[in-house]
Amino acid sequence: MRRSDMQKSESRVTCSQLPVSTSLRARVLALAGFALAGVIATAVPTASPASAQAAADTVATIRARGQLLCGIAGQVPGFSAPDSRGEMRGLDADTCRTVAAAIFGDANKVRFIPTTSQNRFTALQSGEIDLLVRNTTWTLTREASLGFEFASVNFYDGQGFMVKAASGVTSARQLAGASICVQPGTTTELNMADYFRAQNIQFTPVVIETVEEVQKAFISGRCDAYTTDASSLASFRMTQGPNANQYLLLPEIISKEPLGAVVRKGDWKFFDIVRWAHFATLTAEELGITSQNIDSFVDSNNPDVQRFMGKTGDLGQMLGLQADWAVNVVRQVGNFAEIWDRNITPMGVQRGINNLWTKGGLQYAPPMR
Ligand SMILES: N[C@@H](CCC(=O)N[C@@H](CS)C(=O)NCC(=O)O)C(=O)O
1390 MRRSDMQKSE SRVTCSQLPV STSLRARVLA LAGFALAGVI ATAVPTASPA
1440 SAQAAADTVA TIRARGQLLC GIAGQVPGFS APDSRGEMRG LDADTCRTVA
1490 AAIFGDANKV RFIPTTSQNR FTALQSGEID LLVRNTTWTL TREASLGFEF
1540 ASVNFYDGQG FMVKAASGVT SARQLAGASI CVQPGTTTEL NMADYFRAQN
1590 IQFTPVVIET VEEVQKAFIS GRCDAYTTDA SSLASFRMTQ GPNANQYLLL
1640 PEIISKEPLG AVVRKGDWKF FDIVRWAHFA TLTAEELGIT SQNIDSFVDS
1690 NNPDVQRFMG KTGDLGQMLG LQADWAVNVV RQVGNFAEIW DRNITPMGVQ
1740 RGINNLWTKG GLQYAPPMR
């Protein structure tokens, strides 16, 4: 299907409740002459406006505020969703916490800001958030054109399709003529178009902004299939409880979706902290250090452990942090395996390529020295 045909058949539902954009637009437009205003006004970020903020000292801003402002999805169990007590839980939420633990020695000094697939990038560009950890795929465009850098990857994912088991569909190749629910402003939307065009298969995208509405549309039968990152499909299935087996994940994984933590380009001090907070969780896993046993490593004579604990060397100082920054990350949030097991394992998703490199996976931390 050609793009023009696709657009004709596209059904668009716009969201009336965007958590960020209203105040965001007002704030940005108030900054007279600020290069970003035009971008926000059209809500289609294309240039590299964040370079205007390259000189900003994000860490100083975070310290002065006393809190990290972390953009998350807020509605994706396993990644970021409130628990019964209203605490934000999930892999993305914990990634935010590792950064707060590194900067403040207190993983709780985070304010979670819900963003949508559509407004997440303007929220980061404008400074409404310091850090974006929202099921967001690392792509060339997002770095080279939107003015961001991906500091870490917390989940190597891929795009999948879910159908109702009762439909009898068992392969994405059987989706000819199907209507497929997807969220806008995502790599998902683009990959799907590429995939079906390459196979010469016609389909109707049903583009819906909020995850709640997109899932409702799929459940009610308004679309025949639902496509997004396979991890999010697992999350959706889990939330269906006893009805979970009514939904089937098709075998085709059609893309690479390295999901990670995103910062504005140019503030390397903050970039380094976000990146090495993640590497600290991997290094701890590699060294066998957990939130539970970390105190038993205090007197270790292993030089790698001594540096990790801040007993020798000056790694903390180099990052502008306390000597025990990595200890705070692991004690308060856990090593990567603990973070994974707490958030992802309950969805029935295997570690697979997200394992440490020593176990055949892609998670690899450069030396902490
Ligand atoms: N990884 C893709 C897709 C991201 C995305 O929006 N995923 C959906 C999957 S459920 C999501 O997070 N929705 C939550 C929401 O919109 O609140 C991207 O970066 O474009």
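Whatever position you read off the sequence shown (first residue = 1), add 1389 for this note's numbering.
For every residue, glycine included, the Cβ atom is placed at its ideal position computed from N, Cα and C.
- The distance from the Cβ of GLY1574 to that of ALA1619 is about 19 Å, inconsistent with a contact at the 8 Å cut-off.
- Boundaries of the beta strand (DSSP E) harbouring LYS1553: 1548 to 1553, taken from the DSSP string.
- In this structure, ligand 1 has no non-hydrogen atom nearer than 6 Å to the beta-carbon of GLN1514.
- Residue pairing for ARG1478: DSSP places it in a beta bridge opposite ALA1470.
- Nearest C-alpha to LEU1710 among THR1672, THR1747, ASP1661, GLY1737: ASP1661.
- Here DSSP, grouped into helix, strand and coil, assigns PHE1592 to coil.
- One residue list follows from the rule of a beta carbon closer than 6 Å to any heavy atom of ligand 1, given in chain order as ALA1462, GLN1464, VAL1465, THR1505, SER1506, ASN1524, THR1525, THR1526, GLN1572, THR1575, THR1576, THR1577, THR1599, VAL1600, THR1617, ASP1618, SER1621, GLU1646, LEU1648.
- The shortest CA-to-CA distance from TRP1657 to any of ARG1626, PRO1631, LEU1708 is the one to LEU1708.
- Contiguous alpha helix (DSSP H) elements confined to the region 1572 to 1658 occur at 1576 to 1588, 1600 to 1609, 1619 to 1628, taking only those with 4 or more residues.
- The region 1536 to 1556 and the region 1616 to 1635 touch, with no fewer than 3 CB-CB distances between them shorter than 8 Å.
- Just measuring C-alpha positions, the residue of THR1599, THR1593, VAL1600, MET1627 sitting nearest CYS1612 is THR1593.
- Going by C-alpha positions, PRO1503 is about 44 Å away from ASN1690.
- Burial is judged here by how many other beta carbons sit within 10 angstroms of a residue's own beta carbon; ALA1726 has at least 16 and is buried.
- From the listed residues VAL1488, ALA1453, ILE1451, GLY1463, the smallest Cα separation to VAL1722 is found for VAL1488.
- Contact annotation, ALA1715 with PHE1697: C-beta distance approximately 5 Å; criterion of less than 8 Å satisfied.
- Cβ atoms of THR1484 and ASN1543 come within 8 Å of each other, at about 5 Å.
- Per the C-alpha coordinates, the member of ILE1569, ILE1590, LEU1637 positioned closest to ALA1606 is ILE1569.
- The alpha-carbon separation between GLN1695 and VAL1465 amounts to approximately 37 Å.
- When secondary structure is reduced to three states using DSSP, THR1526 falls in the strand class.
- If you draw a straight line from the Cα of LEU1638 to the Cα of GLU1602, it is about 20 Å long.
- For GLY1705, the uninterrupted alpha helix (DSSP H) run begins and ends at 1704 to 1708, by DSSP.
- Across the structure, TRP1746 and PHE1468 are spaced so that their CA atoms are roughly 22 Å apart.
- In summary, GLU1538 is buried, with 16 or more beta-carbon neighbours lying within 10 Å of its beta-carbon over all protein chains present.
- With a contact defined as Cβ atoms closer than 8 Å, SER1560 and PRO1631 miss out at about 26 Å.
- Comparing alpha-carbon positions, the option among LEU1648, ASP1703, MET1736 lying closest to ASP1481 turns out to be LEU1648.
- Cα atoms of LYS1553 and ARG1586: separation of roughly 23 Å, rounded to the nearest angstrom.
- Cβ contact annotation for PHE1668 (same chain, cutoff 6 Å, sequence separation greater than five): ALA1754, in chain order.
- Relative to the Cα of ILE1642, the nearest Cα in the group ARG1562, MET1477, LEU1457 belongs to ARG1562.
- About 10 Å separates the Cβ atoms of VAL1718 and ILE1678, ruling out a contact at the 8 Å cut-off.
- The Cβ neighbour count for THR1577, taken over all protein chains shown within 10 Å, is at least 16; the residue is labelled buried.
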